[in-house]
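Comments concern the structure below.
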Amino acid sequence: MSINTRPILEIRDLSAGVDGKPILKGINLAIGLGEVHAIMGPNGSGKSTLAAVLAGREGYDVTAGQVLYAGGDLLEMDPEERAREGLFLAFQYPVEIPGVNSTYFLKAALNEVRKHKGLPELDALEFLTLVKDRMKVLELNEDLLRRSVNEGFSGGEKKRNEIFQMAVLEPRLAVLDETDSGLDIDALKVVSNGVNKLRRPDNAQLVITHYQRLLNYIVPDFVHVLVDGRIVRTGDKALALALEEKGYDWITREEALVA
Amino acid sequence: MSTATETIEGLVQKEYKYGFYTDIEADAAPPGLNEDIVRLISAKKNEPAFMLEWRLKAYRHWKGLKEPTWPHLHHPPIDYQNAVYYSAPKKKGEGPKSLEEVDPKLLETYEKLGIPLKERERLAGVAVDAVFDSVSVGTTFKEKLSEKGILFCSFTEAVEQYPELVQKYLGSVVPYTDNYFAALNAAVFSDGSFCYIPKGVRCPMELSTYFRINAANTGQFERTLIIADEGAYVSYLEGCTAPMRDEHQLHAAVVELVALEGAQIKYSTVQNWYPGDEQGRGGIYNFVTKRGLCKGRNSKISWTQVETGSAITWKYPSCILQGDNSIGEFYSVALTNNYQQADTGTKMVHIGKNTRSTIVSKGISAGHGQNSYRGLVKIQKGAANARNFSQCDSLLLGSLCGAHTFPYIEVKNTTARVEHEASTSKIGEDQIFYCNQRGLSTQDAVNMIVNGFCKEVFRELPMEFAVEAQKLLGVSLEGSVG
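Those protein sequences? They're chains A and B, same order as listed.
Position one of the first sequence corresponds to residue 200 (our numbering), numbered consecutively onward.
Position one of the second sequence corresponds to residue 4 (our numbering), numbered consecutively onward.
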């Protein structure tokens, strides 16, 4: 593992909540390039809140701590700046945008990222070549490109489309928020396979999930267990398997004993 | 999740691009309206007696009418005696014989507006008739059109040269008794466009009229008459702008379309009259009567409108489906921002057998804008197997605006099928965040979402117009998100 390189993401003592209700209560986490981290936790533990705060969603108040991304202050950046800087969120519930063509949408997104990097924008032809290449990775039907963004997509198609967008945008840090939810086993394999192919030494992945089964396919370097807004345990894949076997109760009980 | 509405409300502010005023000498009538003014207008135009009589009848009828109060619109009373009913750019000497003789300042104005008034063959192939205040200033491509027997000229010229056609069709679709504003227009209209497509001719280019109100306190009352003879086809574009002024200006136009057997008329409008400022000061009061008559069998009339301007829009482009198997279509995008109000929609009157109509209306409200769809679908007794499909969607940006829908359906034939779908949605914070997360700014996200919302209408517009309409929406929405 790339212990010596500076982490791409460093979360320090982060606390955040919604409408005055605390949800995250002092998160510490460092993710290095080339690493895959998994965050597991029971419902309501704050997993999706963490994803939302990282992406800069409105309505979440950060009450303490800081987040460094690629050396900069992430929390100071607008959501679109974070995206252009290579932070990608695969949504748990991808949003439908009626009437907006998928290809058009994705081309606009990619060109924002390219502009930000000082690269020339891709024209329609160059873009299409790129897109067709990346579609193969996700085994997606080309017909999807002609449809409106996520409109009328099945649950599985929406999730695959998220990973497809990730394949095109090539983020430095991808946060996958419960990407496995609502997927049958075949779709889960395709999606995981896609994510694995996108793994590179110069990027990182943060996989948020409730179930261990996703981690059979996306093998993490680190597993963190989030309970009631805190990371209560960190380990490797074995920790995920133990959780699968014993349930989250096991950790909560042990936590209670320690306290 | 609190600030998205505030953000959206910030997005709509952008100055009106066409707010310049051309300093040009005008030949204007004194303010006010009486029989003498009507006579003066008719005399200025050297009109034949039938025109003057018609105008006077219209004026007398108008005097007995009251301004309609049923629209969902609020404005201070209009003082009809304070408006100027005739204003023409002063002619140098005799009057222009050709475009070369048109006042160069006028031509400059049209340059600024981006209208290729000068005949340039390579330019998009759009023939333009431009109406400045009340008078038509030049029609391009006249020769090329006349080769095909197409008549396309100012209304004044049509009255002079083709009085029999004018007399036959003028008021045949919108009689002066139709409504308050139609009566007013009939009494005082000073110019407009006239178009006749002969039997079996497919008009080889888009025909276009550009309307501009320049002089202060001037009402613009133009009249458009388009006749497509048997089997003819024409696509007609209409655009409008006006300078920025603090006071309201009145625009009451009438458009009449006649489609004979097998004829098709496609009429597209991008209305960008000055909408008033953020406080609701100034802007055009736009009271327009547009109606098409599908007179012959298998005829078709299609209205497409993009309404982004005007302080007040009152407009219901309609189709009378008289001929059997005739088709009427109405595609509309109406955007109201700041304090703009729109009460717009259509009427589809099914008279003939197997007549079909489609209505797609997209209303977008932002700021304090109030947007109403008002539509009538009427199936008369003899209209066996008539079909209508209506879809009215409203999109709200922010929490201070309003969307209203007033559908009226009257069915007198049991074989008819009428469908009505309606939806109201807000631009979701989720949608904007999703776009943000992919690197798009909030402004770009709103534009993209709004354009997506309007897509079914935009694809009905001719290409160049569709591009213009998209840009216009972008400009009109700028500042509605912060």
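Each residue gets a CB set at the ideal place from its N, CA and C atoms; glycine is no exception.
All values reported here derive from a predicted model rather than from experimental measurement.
Asked	Found
Less than 8 Å between CB atoms is the rule here; does A:Ile296 satisfy it with respect to chain B?	yes
How would you call B:Arg58, buried or exposed, if buried means at least 16 neighbouring beta carbons within 10 angstroms?	buried
Pair every Cβ in the segment 303 to 323 of chain A with every Cβ in the segment 439 to 455 of chain B, then say whether three or more of these pairs are closer than 8 Å.	yes
Output needed for A:Glu350: all residues of its chain with C-beta closer than 6 Å, excluding positions within five of it in sequence on either side, in chain order.	Glu295 and Pro297
To the nearest angstrom, how far is the alpha carbon of A:Ser201 from that of A:Leu228?	Low local confidence applies: a pLDDT of 44 at A:Ser201 is under 50, so the model's placement there is unreliable, and no value is given.
Would you list, in chain order, the members of the segment 337 to 349 of chain A that have their beta-carbon closer than 9 Å to a beta-carbon of chain B?	Ser347, Val348 and Asn349
Does A:Gln404 come within less than 8 Å of chain B when only Cβ atoms are used?	no
Roughly how many angstroms separate the alpha carbons of B:Ser329 and B:Pro178, rounded to a whole number?	22 Å
Is the CB-CB distance between B:Glu362 and B:Ile323 below 8 Å?	Per the sequence shown, the amino acid found at residue 362 of chain B is Ile instead of Glu. For B:Ile362 and B:Ile323, no; Cβs fall outside 8 Å.
Taking buried to mean at least 16 other C-beta atoms within 10 Å of its own C-beta, is B:Phe53 buried or exposed?	exposed
Could you tell me which residues DSSP puts in a beta bridge with B:Ala231?	B:Ile200 and B:Ala262
Considering Cα atoms alone, identify which of B:Asn49, B:Met466 and B:Gln84 is closest to B:Ala161.	B:Asn49
Counting only Cβ pairs nearer than 9 Å, list the residues of chain B close to A:Ala282.	Asn439, Gln440, Arg441, Gly442 and Leu443
Of the choices B:Ser45, B:Gly299 and B:Gly405, whose alpha-carbon is the least far from that of B:Ser375?	B:Gly405
List, in order along the chain, the chain A residues whose C-beta lies closer than 7 Å to that of B:Glu432?	Glu257
Using CA coordinates, which residue listed in A:Val261, A:Thr451 and A:Glu454 is at the minimum distance from A:Leu223?	A:Val261
Any beta-carbon of chain B closer than 8 Å to the one on A:Ala323?	no
Is there contact here, the segment 352 to 372 of chain A with the segment 233 to 242 of chain A, by at least three beta-carbon pairs under 8 Å?	no
Does the distance from the C-beta atom of B:Gly295 to that of B:Gly286 stay below 8 Å?	no
Secondary structure at A:Val418, three-state DSSP: helix, strand or coil?	coil
DSSP state of B:Trp276, grouped into three classes?	coil
With 8 Å as the threshold, decide whether the Cβ of A:Val312 is near any Cβ in chain B.	yes
Name the chain A residues that come within less than 9 Å of B:Gly477, Cβ to Cβ?	Within 9 Å Cβ-Cβ: nothing; B:Gly477 doesn't reach chain A, min ~13 Å.
Determine whether the Cβ of B:Lys458 lies closer than 8 Å to any Cβ atom of chain A.	yes
CB-CB under 6 Å to A:Lys306, same chain, minus the five flanking residues each way: which ones, in chain order?	Phe326
If you drop the 5 nearest sequence neighbours on each side, which residues of the same chain put their C-beta closer than 8 Å to that of B:Thr172?	According to the sequence shown, residue 172 of chain B is Tyr rather than Thr. Closer than 8 Å at the Cβ level, and outside the excluded window around B:Tyr172, lie Leu228, Ile230, Glu259 and Val261.
When you compare only the Cα positions, how much space is there between A:Asp185 and B:Gly372?	With chain A covering only 200 through 458, there is no way to say anything about residue 185 of chain A.
Between A:His315 and the rest of its own chain, which residues show a CB-CB distance below 6 Å, the 5 nearest in sequence each way excluded?	Arg283
Look at the Cβ atom of A:Leu213, then the Cβ atom of A:Gly264, and state whether they are nearer than 8 Å.	yes
Please confirm if A:Phe290 has its CB atom under 8 Å from at least one CB of chain B.	yes
Do B:Ala256 and B:Ala235 count as a contact pair if the criterion is CB distance below 8 Å?	no
Answer yes or no: do B:Tyr89 and B:Ser193 have a C-beta to C-beta separation smaller than 8 Å?	yes
Between the C-alpha atoms of A:Arg345 and A:Tyr303, what's the straight-line distance to the nearest angstrom?	9 Å
If we ignore side chains and look at the alpha-carbon of each, how far apart do A:Glu333 and A:Phe287 end up?	The residue asked about is misnamed: residue 333 of chain A is Arg in this sequence, not Glu. A:Arg333 and A:Phe287: Cα-Cα distance of roughly 17 Å.
Using beta-carbon positions only, say whether B:Leu475 and B:Val453 come within less than 8 Å of one another.	no
Quick one: Cα of A:Asp277 to Cα of A:Gly255, how far?	7 Å
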